[in-house]
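Residue numbers (mature numbering (1 follows the signal peptide of the UniProt record, and there is no 0)): -17 to -1, 1 to 105. Accompanying notes for the structure given below.
Listed below in structure tokens is the structure:
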């Protein structure tokens, strides 16, 4: 009886679960780094977990080329806390080129607001 209840509750929870957005990481090893030459495989500090993610980072003021700014499957920003803020920095999936200027690149950390902020990737 108890086992049936546990299975039913677990199944219900799984059907209502919202999947976490996937943020593709890069490997910082030279022969395994799949980032485009316009990006750099960067360690992201300030995250809550013990092992930090590595993401392909665009140059300041740039976003993914050939994709809509709101396409969070290939590009995103992170909620950086404390100085130096990198909230305007755009990260992309490995292999994605970053040669498109953001709408307000001149605003520095406040630039690239057209790219979605994905706190789930932090």
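Glycine is no exception: its CB is placed at the ideal position from the N, C-alpha and C atoms.
- Assignment of residue 90 by DSSP, reduced to helix, strand and coil, places it in the helix class.
- It is roughly 22 Å from the alpha-carbon of residue 103 to the alpha-carbon of residue 81.
- In this structure the stretch 54 to 66 does not touch the stretch 13 to 23; the number of beta carbon pairs closer than 8 Å is below three.
- For residue 24, DSSP records a beta bridge to 39.
- Three or more Cβ pairs closer than 8 Å define a contact, and the stretch 81 to 94 falls short of that threshold against the stretch 7 to 15.
- Nearest to residue 35 by C-alpha distance, out of 46, 7, 52 and 89, is 7.
- In this structure, residue 10 sits away from residue 38, with a CB-CB distance that is not shorter than 8 Å.
- In this structure residue 25 is buried. Its beta-carbon is surrounded by 16 or more other beta-carbon atoms within 10 angstroms.
- Counting the other CB atoms within 10 Å of its CB gives residue 74 a total of 16 or more, which places it among the buried residues.
- When only Cα atoms are considered, residue 53 and residue 96 end up about 10 Å apart.
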